[in-house]
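Taken in sequence, the protein lines are chains Y and Z.
Taking my numbering as reference, the numbering of the first sequence is continuous, increasing by one, and the terminal residue is 459.
Taking my numbering as reference, the numbering of the second sequence is continuous, increasing by one, and the terminal residue is 1459.
The beta carbon of each residue, even a glycine, is placed where N, CA and C say it ideally should be.
For clarity, every value in this text was computed on a predicted model and none was experimentally measured.
2 protein chains.
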Amino acid sequence: MTVMGFIDENKQQHLEELKEFLRIPSISTVPQYQPEVQHAAQWLADHLRTTGMQHIDVVPTPLHPLVYAESPRQDGRPTVLVYGHYDVQPAEPLELWSSPPFEPEVRDGNLYGRGTADDKGQLHTHLKALEALQTFYGRLPLNVKILIEGEEEVGSKSLWQFVRDNQSRLASDALVLSDTSMLAPGVPSLTCALRGLNYYEVEVTGPARDLHSGLYGGAVPNPLTILARALAQFHDKNFRVTVPGFYRDVARLSAAERKALRALPWDETDFRNNVGAPALSGEKGYSILEQIWCRPTFELNGLWGGYIQDGAKTVIPSKAYAKFSTRLVPNQDPDEIATMVEAHFRKLLPNTVSCRFTVLSTGKPWIASSTHPIVQAAATALEQGFGQKTVFIREGGSIPFVAEISALYKIPCVLMGFGLPDENAHAPDEHISLDNYFGGIRSAALFYERLSTLQGEPQ
Amino acid sequence: MTVMGFIDENKQQHLEELKEFLRIPSISTVPQYQPEVQHAAQWLADHLRTTGMQHIDVVPTPLHPLVYAESPRQDGRPTVLVYGHYDVQPAEPLELWSSPPFEPEVRDGNLYGRGTADDKGQLHTHLKALEALQTFYGRLPLNVKILIEGEEEVGSKSLWQFVRDNQSRLASDALVLSDTSMLAPGVPSLTCALRGLNYYEVEVTGPARDLHSGLYGGAVPNPLTILARALAQFHDKNFRVTVPGFYRDVARLSAAERKALRALPWDETDFRNNVGAPALSGEKGYSILEQIWCRPTFELNGLWGGYIQDGAKTVIPSKAYAKFSTRLVPNQDPDEIATMVEAHFRKLLPNTVSCRFTVLSTGKPWIASSTHPIVQAAATALEQGFGQKTVFIREGGSIPFVAEISALYKIPCVLMGFGLPDENAHAPDEHISLDNYFGGIRSAALFYERLSTLQGEPQ
């Protein structure tokens, strides 16, 4: 029997354990779920016991706990830092789920439920890979540090603090994580770039109180109209962001990079069908992959104000609200962009309203080389695990921790994603392909074995 | 003892009864309040027994019941149709009320609660005036028909049907109602024009489902952005509505009308303070009173879509929604305007989204002469009731029933309003001045007495 055989024998048990993890609604953005978030952290600590870890801590923070674990130190072996997050996005709108978001269910070769892809299901592949190595060999072939946070969906504040406080303790030869997607089903993919993310919220106030639109309408500033007018001016007719300076530091794509993107086995028709809009729209002059991977965006994420229930209410509201975000690419600086966006927004408002502008979070973009031996080891492991050639891709999403660790330790970051483009992360009917989940466990185990043969740095 | 003395003696009892009426949360726009709406109708029927009515019916309709009552027929006496509505607006946002909206409370000479001004408190003045006349004289001095609806805040559909079905039964010499405001405290006012109201709702759909803004952002149509861009184009820089044809039929103000408006004892500073916005804004070239009384508007009443709870969610929503309305003035036609508004909205949308456009209700504007003997009788009654000269004003709000009855029966409509500009109708802390409530009862009784001396038409 090989480790692979051992992993394949335990498929059903792995799946049942993952379902248990998924049943915990660890929604980090909504305060009332705090006990469930705590429960998920404790669940992880309990289930790390079989993975060969020596120290396992649930680390309290001002918001949601971190889970940190270390294997027994083996000198001369390389050290890998495994990252994941156990928190999930809210499940709303609930009525659009085919099965309840926190009652995981297998249909047509996919496991459905909030967190299946982002990130509980993907994180779980690493725990089961390590468990298999530990059980099969009686010890892990390398040094492992595991860091799992509960605030990925709310800005990772506690994670940053923990990294700052434990900088030498966390030192490793590589970071590995699975929180991204494969380019297409059956195509193992390593992600070599991520966009950064700034998230903002605004409150625009016109009248001091809600007014009757008959008695006042025509003479008073309507904050809904004023907010709509401001937000309407954030893109020009080519769908370029109008914030002055926004593109100043954006890295230009080389001809070779654009060619490599065009050569990828990526199906535009699948993408269009998956989006399901009457037509697509994006920044003029760029391909779809360039738009979603290599170009920065300004995107509205929420908008509300006035009467939003059934029926009619003839009100001019006092306040209007919006949540929006900017996705950032190399070499944009998140803090500079936040300043520019706020200045632009304020400039677009007339003097008839006041405004509260809040930057909820900022996060750097990241880009890395695909030629590092550790990245190449990962590519080979994925190829073996899935039986297909690995491709190097970018992703438009944001994992702020990657940019942070990359800058701090100057180590390679290995992003082996087991999601798929239609996985519905952050949306109803989120799911993970069972082929990818089980292939992920195999690939992670192969990667750790392969990594253990490379030379580690003294820690 | 005079009738006036009799009315003054019963002040406390009138107030306690009104409070009872106000405690019923008869919110017509929200389906779950249906039993409370029914309760309010029954309460009215019970309390009409003391007002000299012979027939009292609670009339079932497809939505909310009507209350209809008639006094015993006295030939040779004029007939008045008294109108009111017992339904109220939703009370949200609840946290901005100083006292609970359905627990009426007197503070500083005002009675606070949802419906105090719009319209339960004002309607109640007529019931108590009739009760006083009936009790004091043993019979009413004229023929009275009372029609009270429960759908004023949702488009009055059942009322129209009832009027069409009972056209000859409802025939009268005058319509009287109190659902408007006085120009200023202590200034008795008769309203001689009202704006019409069309109310619309739109649903704009881009992607077929909610998408992750990282994985898709940059290449897909965001319905929030597209909705904001469309709504931003409904006004030009002078805050004129851009809908083609919108102003085509608008009656121009004569120099005499503009002069009369300027001569009214109306305090712009009070208006500005009452609105409480950093500055006002309205259509260029018109005074504030012209803007809110004589000019049509396009107004956003609600806007929503995406993630609107605490924290952050990086979503591109599938759908975005808006509720908006147009206030109409003579001689705009509501149906024509609805067609124009829909066409304009659809034209502003790109082909990347689909749209569901719904006209929730339409309503005609109304304007009338102030020189009719019945209107003059009302002016005199108000002057006696409040001890101040009556002014003739317009109002920017909409009472669709007035336009309908005016067109159908060609009779004068007497709008004796007892609200005040800062009464917060449709907003938190709605209230009525107790001086106006008690003065209203006196004025209504004086009006009915005066009206009874005029010649009635044979019914």
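Near residue i, what residues of its chain come up, given a Cβ to Cβ distance below 7 Å and the 5 sequence neighbours on each side ignored?
i: Gln1459 (chain Z); result: Confidence at Gln1459 (chain Z) is low in this model, with a pLDDT of 45, below 50, so its placement is unreliable and the value that follows should be read with caution. Taken in chain order, the residues that qualify are Thr1079, Ala1171.
i: His55 (chain Y); result: Ala69, Glu70
i: Val250 (chain Y); result: Pro296, Val329, Gln332
i: Val3 (chain Y); result: Ala132, Leu133, Phe136, Ala445
i: Ile335 (chain Y); result: It should be pointed out that residue 335 (chain Y) corresponds to Asp in this sequence rather than to Ile. Same-chain partners within the cutoff: Thr362.
Apart from the five residues on each side of it in sequence, which residues of its chain come closer than 8 Å, Cβ to Cβ, to residue i?
i: Gly1121 (chain Z); result: Leu1018, Leu1022, Leu1111, Gly1115, Phe1418, Ile1432, Tyr1437
i: Val1414 (chain Z); result: Ala1174, Leu1175, Val1176, Leu1177, Leu1190, Ile1374, Val1375, Ala1378, Phe1447
i: Gly1005 (chain Z); result: none
i: Leu985 (chain Z); result: The first residue shown for chain Z is 1001 and the last is 1459, placing residue 985 (chain Z) beyond what the model contains.
i: Gln89 (chain Y); result: Ile27, Thr29, Arg114, Asp118, Glu153, Ala425, His426
i: Tyr1216 (chain Z); result: Pro1207, Ile1316
i: Phe1102 (chain Z); result: Leu1022, Arg1023, Ile1024, Pro1025, Ala1091, Gly1113, Arg1114
Excluding the 5 residues flanking residue i on each side, which residues of the same chain have their C-beta closer than 6 Å to its C-beta?
i: Asp1118 (chain Z); result: Ala1425
i: Pro221 (chain Y); result: Gly206, Thr352, Val353
i: Ala193 (chain Y); result: Ile367, Arg394
i: Asn94 (chain Y); result: Looking at the sequence provided, one finds Leu at residue 94 (chain Y) rather than Asn. Nothing meets the Cβ criterion.
i: Val1243 (chain Z); result: Met1340, Val1341, His1344
i: Gly186 (chain Y); result: Gln388
Which residue or residues does DSSP assign as beta-bridge partners of residue i?
i: Arg327 (chain Y); result: Y:Leu197, Y:Thr297
i: Ser433 (chain Y); result: Y:Asn110
i: Thr1205 (chain Z); result: Z:Lys1319, Z:Ser1354
i: Trp1304 (chain Z); result: Y:Trp304, Z:Tyr1321
i: Cys1413 (chain Z); result: Z:Leu1175
i: Ser1464 (chain Z); result: Because chain Z spans 1001 through 1459 in this model, residue 1464 (chain Z) falls outside it and cannot be assessed.
i: Val1375 (chain Z); result: Val1375 (chain Z) pairs with nothing; no bridge assigned.
i: Gly84 (chain Y); result: Y:Ile148
i: Ser452 (chain Y); result: Bridge partners of Ser452 (chain Y): none, in fact.
i: Thr460 (chain Y); result: Residue numbering for chain Y in the displayed model covers 1 to 459; residue 460 (chain Y) lies beyond these limits and cannot be assessed.
i: Leu44 (chain Y); result: Bridge partners of Leu44 (chain Y): none, in fact.
i: Thr191 (chain Y); result: Y:Ile393, Y:Leu415
i: Ser461 (chain Y); result: This structure cannot speak to residue 461 (chain Y), because chain Y is shown only from 1 to 459.
i: Val1058 (chain Z); result: Z:Val1067
Could you work out which residues of chain Y lie near residue i, taking near to mean beta carbons separated by less than 9 Å?
i: Val962 (chain Z); result: This structure gives no information on residue 962 (chain Z), because the portion of chain Z shown stretches from 1001 to 1459.
Does the beta carbon of residue i sit closer than 8 Å to a beta carbon anywhere in chain A?
i: Ala228 (chain Y); result: Chain labels in this structure do not include chain A; the protein chains are Y and Z.
Could you check whether the Cβ of residue i sits closer than 7 Å to any heavy atom belonging to the ligand GDP?
i: Glu395 (chain Y); result: Of the ligands one can find in the structure shown there are none, so the ligand GDP has no counterpart to examine.
Using a C-beta to C-beta distance shorter than 8 Å, which residues of chain Y count as neighbours of residue i?
i: Leu1211 (chain Z); result: Val275, His426, Ala427
i: Ile1308 (chain Z); result: Gly302, Leu303, Trp304, Tyr321, Lys323
i: Ala1040 (chain Z); result: By Cβ distance, chain Y contributes nothing, its closest Cβ being about 17 Å from Ala1040 (chain Z), past 8 Å.
i: Leu1215 (chain Z); result: Ser181, Ile292, Glu395, Gly396, Gly397, Pro421, Ala425
i: Tyr1083 (chain Z); result: Here the premise fails: no neighbours, minimum Cβ distance about 17 Å.
i: Pro1207 (chain Z); result: Val275, Gly276, Ala277
i: Thr943 (chain Z); result: Look at the range of chain Z in this structure, 1001 to 1459, and you will see that residue 943 (chain Z) is not part of it.
Below 7 Å on C-beta distance, what does residue i contact in chain Z?
i: Leu159 (chain Y); result: Those within 7 Å of Leu159 (chain Y) in chain Z number zero; the least Cβ separation is about 15 Å.
i: Ile432 (chain Y); result: The premise fails here: Ile432 (chain Y) is roughly 14 Å from chain Z at the closest Cβ pair, so nothing lies under 7 Å.
i: Ile316 (chain Y); result: Glu1299
i: Thr116 (chain Y); result: By Cβ distance, chain Z contributes nothing, its closest Cβ being about 14 Å from Thr116 (chain Y), past 7 Å.
i: Leu224 (chain Y); result: Leu1300, Leu1303
What does residue i reach in chain Z if we use C-beta pairs closer than 9 Å?
i: Gly76 (chain Y); result: Per Cβ cutoff of 9 Å: no residues; Gly76 (chain Y) is ~39 Å from chain Z at best.
i: Thr269 (chain Y); result: Within chain Z, no residue comes near Thr269 (chain Y); the closest Cβ sits about 14 Å away, beyond 9 Å.
For residue i, go through chain Z and note every residue whose CB falls closer than 8 Å to its CB, in chain order.
i: Ala134 (chain Y); result: Here residue 134 (chain Y) is Gln; the residue named in the question, Ala, does not match the sequence. Simply none; closest approach about 34 Å.
i: Val220 (chain Y); result: Val1275, Ala1277, Leu1280, Ser1281, Gly1282
Checklist entry - For the segment 319-336 of chain Y, which residues have a beta carbon sitting closer than 9 Å to at least one beta carbon of chain Z? => result Ala320, Tyr321, Ala322, Lys323, Phe324, Ser325, Arg327
Next on the checklist: Under 7 Å, CB to CB, which of the residues in the segment 1274-1301 of chain Z have a partner in chain Y?
Outcome noted: Val1275, Gly1276, Ala1277, Pro1278, Ala1279, Leu1280, Ser1281, Gly1282, Glu1283, Ile1288, Gln1291, Ile1292, Arg1295, Thr1297, Glu1299, Leu1300, Asn1301
Item to check | Three or more C-beta pairs below 8 Å linking the segment 1305-1312 of chain Z and the segment 1265-1281 of chain Z | outcome: no
Checklist entry - Would you say the segment 49-66 of chain Y touches the segment 120-136 of chain Y, given that touching needs at least three Cβ pairs under 8 Å? => result yes
Next on the checklist: With a threshold of 8 Å, are at least 3 pairs of Cβ atoms found where one atom belongs to the segment 88-103 of chain Y and the other to the segment 56-66 of chain Y?
Outcome noted: no
Next on the checklist: To be precise: take each residue of the segment 1235-1259 of chain Z, compare its Cβ to all Cβ atoms of chain Y, and keep it if any distance is under 8 Å. Which residues remain?
Outcome noted: His1235
Item to check | Residues of the segment 374-394 of chain Y with Cβ closer than 7 Å to any Cβ of chain Z, in chain order | outcome: none
Checklist entry - Of the residues that make up the segment 1332-1366 of chain Z, which ones have a beta carbon closer than 9 Å to any beta carbon in chain Y? => result Pro1350, Asn1351, Thr1352, Val1353, Ser1354, Leu1360, Ser1361
Checklist entry - When you check each C-beta in the segment 1017-1035 of chain Z against every C-beta of chain Y, which residues fall closer than 9 Å? => result Ser1028, Thr1029, Val1030, Pro1031
Next on the checklist: Does the contact criterion of 3 or more C-beta pairs under 8 Å hold for the segment 400-412 of chain Y versus the segment 194-205 of chain Y?
Outcome noted: yes
Item to check | chain Y contacts from the segment 1080-1112 of chain Z (Cβ-Cβ distance under 9 Å) | outcome: Gln1089, Pro1090, Glu1092, Pro1093, Leu1096
Checklist entry - Counting pairs of beta carbons, one from the segment 225-244 of chain Y and one from the segment 1228-1243 of chain Z, are three or more of them closer than 8 Å? => result yes
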